[in-house]
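Below you'll find the structure, written out as structure tokens, and then a few comments.
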Amino acid sequence: MSWISVEKAKKLEERFGYPKVSESKGVVSVEVPKDKFIEFLKFLKEDKEYDFRMFLDLTIIDHGEKEDPRFQGVVILFSPSYQQRIIVKTWALDETLPTLTGLWKGAKWAEREAWDMFGIKFEGHENLVRMLLWETYPYHPLRKDFPLEGIKDTYLPSLNETLRGDSLEGMFNYDRMHTALPTMEDLEITQKRRMPVKTSQIVLNWGPLHPGTHGTIWFLFDLDGEYVKQCDIIIGQLHRGVEKLGENVNWQQFIPYTDRMDYIAAINENHAYVLAAEKLLGIDIPEKAKWIRTMMAELSRINSHLLWLGTYALDLGALTMFLYTFREREKIMDIIEGITGARFTINYFRIGGVFADLPYGALDAIEHLIKDLPERINDYETLLTRNRIWLSRNKDVCIITEEDVYDYGLTGAVARGSGVPYDVRKIDKYDAYGEVEFDIPVGEKGDSYDRYLVRMEEMRQSIRIVEQCVAKLRKMSKNDPYFFQTPDEKKLKVTIDGRGMKLPAGEVYASSDNPRGELGFYIYNKKDGLKAHRMRIRSGAFYNLQVFTKAIIGRPIADAITLLSTIDPVVGETDR
Numbered sequence: 015m016s017w018i019s020v021e022k023a024k025k026l027e028e029r030f031g032y033p034k035v036s037e038s039k040g041v042v043s044v045e046v047p048k049d050k051f052i053e054f055l056k057f058l059k060e061d062k063e064y065d066f067r068m069f070l071d072l073t074i075i076d077h078g079e080k081e082d083p084r085f086q087g088v089v090i091l092f093s094p095s096y097q098q099r100i101i102v103k104t105w106a107l108d109e110t111l112p113t114l115t116g117l118w119k120g121a122k123w124a125e126r127e128a129w130d131m132f133g134i135k136f137e138g139h140e141n142l143v144r145m146l147l148w149e150t151y152p153y154h155p156l157r158k159d160f161p162l163e164g165i166k167d168t169y170l171p172s173l174n175e176t177l178r179g180d181s182l183e184g185m186f187n188y189d190r191m192h193t194a195l196p197t198m199e200d201l202e203i204t205q206k207r208r209m210p211v212k213t214s215q216i217v218l219n220w221g222p223l224h225p226g227t228h229g230t231i232w233f234l235f236d237l238d239g240e241y242v243k244q245c246d247i248i249i250g251q252l253h254r255g256v257e258k259l260g261e262n263v264n265w266q267q268f269i270p271y272t273d274r275m276d277y278i279a280a281i282n283e284n285h286a287y288v289l290a291a292e293k294l295l296g297i298d299i300p301e302k303a304k305w306i307r308t309m310m311a312e313l314s315r316i317n318s319h320l321l322w323l324g325t326y327a328l329d330l331g332a333l334t335m336f337l338y339t340f341r342e343r344e345k346i347m348d349i350i351e352g353i354t355g356a357r358f359t360i361n362y363f364r365i366g367g368v369f370a371d372l373p374y375g376a377l378d379a380i381e382h383l384i385k386d387l388p389e390r391i392n393d394y395e396t397l398l399t400r401n402r403i404w405l406s407r408n409k410d411v412c413i414i415t416e417e418d419v420y421d422y423g424l425t426g427a428v429a430r431g432s433g434v435p436y437d438v439r440k441i442d443k444y445d446a447y448g449e450v451e452f453d454i455p456v457g458e459k460g461d462s463y464d465r466y467l468v469r470m471e472e473m474r475q476s477i478r479i480v481e482q483c484v485a486k487l488r489k490m491s492k493n494d495p496y497f498f499q500t501p502d503e504k505k506l507k508v509t510i511d512g513r514g515m516k517l518p519a520g521e522v523y524a525s526s527d528n529p530r531g532e533l534g535f536y537i538y539n540k541k542d543g544l545k546a547h548r549m550r551i552r553s554g555a556f557y558n559l560q561v562f563t564k565a566i567i568g569r570p571i572a573d574a575i576t577l578l579s580t581i582d583p584v585v586g587e588t589d590r
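Here my numbering is used: the first residue of the sequence shown is 15, the next is one more, and so on.
Here's what the structure looks like:
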């Protein structure tokens, strides 16, 4: 069971008196008063009978302008001892909540995002600044009264009009007013507020356009010589309001937007979302669809890890590895294109199954690939694993402890590299993961070298899973369904294009183990609807990146490249 039982949660009611327990689609939540919030969370974290010491996520629900109180805080926790989750809620009276950073350091970025997107202030938060937008931005975009297209409050005429004198009035929906854009002054203010107290004379900016950052990430390093004394990260340059979009399009229409978050592993992004929607619908998809999705998700994991390994080695000076990994990656992308029709942003999974059956010859191509891959992975390890330069750049570099994993909500290879066998595939056993055999590789020390070894072994385990999926799919008939068949369309309508499909009232949280950690979707519906009232995306890359600011302290600046590569964030997902 991946959620606390209602019976065990009810004991909290008996013990404290004030919690209110509710259950929706197997998801158990507990509502507590704001003034008891920290006391209750502290008990859940420290009591051995519950042991919810792993922080997963914090977000806000805006119930609408007419509601009083309007905003509700939502915290998701995990118990490593009992392999269970729990949701704890409280109302943000006066649009404030107490900070959780005294209990979990990982709440720091989540609280910044809640302030940025909803305008909720956290009492006791040391430096409550914006997370995704610049400091002088006047609005909070995830509030229900903020329009989807933004607020056009900035005069910004076209250069064709101002310089060439063209008359553009009334053409192509042209408007001289534009949504706010940051100026250089705004960015300077943002930078200064992120690091208000400096310990040395040198603050080094790395990114947002440096090739080593692998995306638009802006790092600030407070240096003593070449050693890092203080660090903060400015993200949001790729923020596109994906959660806002998820609350304004129908259920199937949202799938292509998930593609564009972690565009390196688009299939895995689709996967987490459709699992959450199916959980809210309460449907069980056909066996064939489960095995296809599991196989495709693992091919996508290998594909992503090959890109990680090639660019990681390239960053540390090993050019040849980049060429080798892209050779194998090209083969996987050819297979994905043959099955789905797309190479990059896939949009193949659907709520209810998959868009189309496997084409003729797909299993043969996959079989040929996975016979060759283990030898290729061995070649990579021959080049790197015992290479003395590789060892000197990775061994004992930027250690992340087991306590950090629970404190920061670290997941995926970052958590497993620190010795924590946290894997959503084993915990939730979604799709066919409960029927396949695979091992969870874990590290011993939590250094960059362990994170490297874990991902290398993950590719081998993914090959094992794909082999089992191919064997199972070969036994299935071409006529076996790959999409959910509705028994009664009047009671439940599930369509591939999403037309007319409503999801019921309730709340769910479902996640998948994607190449960058746990990607989770929290969906809250006040009533049956064609779209979500609240669509929260819990990004594994977002939380994993946060630990960079701790792990780099005391290390030379050269280790920043190694640490970032072994965390392996994708900016489309961190920024959403």
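We put the beta carbon where it would ideally sit given N, CA and C, even for glycine.
Assumed close pair K304, D445 - CB separation to whole angstroms, cut-off 8 Å: With 8 Å as the limit, K304 and D445 qualify as a contact, their Cβ atoms being about 4 Å apart.
Short Cβ contact (7 Å threshold) for L517 with S525: no
Bridge partner(s) assigned by DSSP for H382: According to DSSP, which records beta bridges pairwise, H382 is partnered with nothing at all.
Cutoff 7 Å; reference Y466; Cβ partners in own chain excluding five residues on either side: Only N408, T580 meet the Cβ criterion.
DSSP beta-bridge partners of M539: Here the sequence assigns Asn to residue 539, which means Met is not the residue at that position. BP columns for N539 point to G520.
For M549, the first and last residue of its enclosing beta strand (DSSP E): 548–552 is the extent of the beta strand (DSSP E) around M549.
Buried or exposed by the 16-neighbour rule on C-beta atoms within 10 Å, applied to K293: buried
Selection from F358, H319, Q560 that minimises the alpha carbon distance to Y271: F358
Cβ separation of M145 and G229, assumed to be a contact under 8 Å, to the nearest whole Å: Going by Cβ atoms, the distance from M145 to G229 rounds to 16 Å, so no, they are not a contact pair.
contact_flag[the region 462–479, the region 427–434] where n(CB pairs < 8 Å) is 3 or more: Segments in contact, yes.
Nearest residue (CA-CA) to K443, options L333, D527, I403, N361: D527
Endpoints, beta strand (DSSP E) assigned at L330: No beta strand (DSSP E) holds L330; DSSP gives it neither H nor E.
Reference A376, options I306, T399, I365, L330, closest by Cα: I306
Rounded C-alpha distance that separates V102 from L55: Distance between the alpha carbons of V102 and L55: 8 Å.
CB of M309 within 7 Å of CB of V480, strictly: yes
Burial state of M335, where buried means 16 or more other Cβ atoms lie within 10 Å: buried
Check whether Y496 and V288 have beta carbons under 7 Å apart: no
Of the listed residues M490, T150, P300, A106, nearest to Q499 (C-alpha basis): P300
First through last residue of the alpha helix (DSSP H) which encompasses G433: Run containing G433: none; DSSP gives neither H nor E here.
Limits of the unbroken alpha helix (DSSP H) element including S462: Note, S462: alpha helix (DSSP H), 462–488.
A280 and I384 closer than 7 Å at C-beta: no
Counted within 10 angstroms of its Cβ, other Cβ atoms place N558 as buried (16 or more) or exposed: buried
Three-state secondary structure assigned by DSSP to S526: strand
Burial state of E342 (16 or more Cβ within 10 Å): buried
Rounded separation between S214 and E240 - CA only: So the alpha carbons of these two residues sit roughly 11 Å apart.
Distance CB(V88)-CB(T110) smaller than 7 Å: no
Contact under 7 Å by Cβ, I477 with C245: no
Sequence-distant residues of its chain with Cβ nearer than 8 Å to I441 (five each side left out): S16, Q97
Beta-carbon contacts of G133 that lie in its chain and below 8 Å, excluding the five residues immediately before and after: E109, H154, R157
N493 beta carbon less than 7 Å from that of G520: Contact: no.
For M490 and K59, the rounded distance between their alpha carbons: 46 Å
Segment contact flag, the region 112–128 with the region 567–579, C-beta cutoff 8 Å, min 3 pairs: no
Beta carbon of F556 nearer than 7 Å to that of T588: yes
Contained beta strand (DSSP E) runs [length at least 3] in the region 56–98, N- to C-terminal order: For the region 56–98, whole beta strand (DSSP E) runs of length 3 or above, ordered along the chain, are 68–76, 85–93.
In chain order, each alpha helix (DSSP H) run of at least 4 residues that lies wholly inside the region 190–252: 198–208
Exposed unless 16 or more other CB atoms sit within 10 angstroms - verdict on H382: An exposed status is given to H382, since fewer than 16 other beta-carbon atoms sit within 10 Å of its beta-carbon.
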